[in-house]
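Residue numbers (the working numbering): 904 to 983.
Where a beta carbon is used, it is the ideal one built from N, C-alpha and C, also for glycine.
Bear in mind that the values here come from a model prediction, so they are computed numbers and not experimental data.
Structure first, commentary second.
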């Protein structure tokens, strides 16, 4: 069973972006292993709390990375 695990800073991806990661990762495994991989490919996106990871001995935060949380995309196209 192909398995991919993505760790991302929480609240930096919209639901649509997470869906795209799952879809494109699955397609990559299908390209590599053939269609038989589609039904068993598992993709896990884990959100790490802000300040919950680091590099070179330094804790990273969203503010340090110069990022903002994305606008929430609910997928609802109705303008109310």
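Leaving out five residues before and five after residue i in sequence, what residues of the same chain have Cβ atoms less than 7 Å from its Cβ?
| i | result |
| --- | --- |
| residue 906 | 945 |
Would you say residue i and residue j are within 7 Å of each other, going by their C-beta atoms?
| i | j | result |
| --- | --- | --- |
| residue 953 | residue 943 | no |
| residue 914 | residue 949 | no |
| residue 968 | residue 908 | no |
Sorted by chain position, which residues of the same chain lie with C-beta nearer than 6 Å to residue i's C-beta, five sequence neighbours on each side aside?
| i | result |
| --- | --- |
| residue 933 | 940 and 941 |
Pick helix, strand or coil for residue i, following the three-state DSSP scheme.
| i | result |
| --- | --- |
| residue 913 | coil |
| residue 947 | strand |
| residue 963 | strand |
| residue 927 | helix |
Only counting the same chain, and skipping five residues up and downstream in sequence, which positions put a Cβ closer than 8 Å to that of residue i?
| i | result |
| --- | --- |
| residue 960 | none |
| residue 956 | 910, 912, 962 and 963 |
| residue 970 | 912 and 915 |
How would you call residue i, buried or exposed, if buried means at least 16 neighbouring beta carbons within 10 angstroms?
| i | result |
| --- | --- |
| residue 935 | exposed |
| residue 928 | buried |
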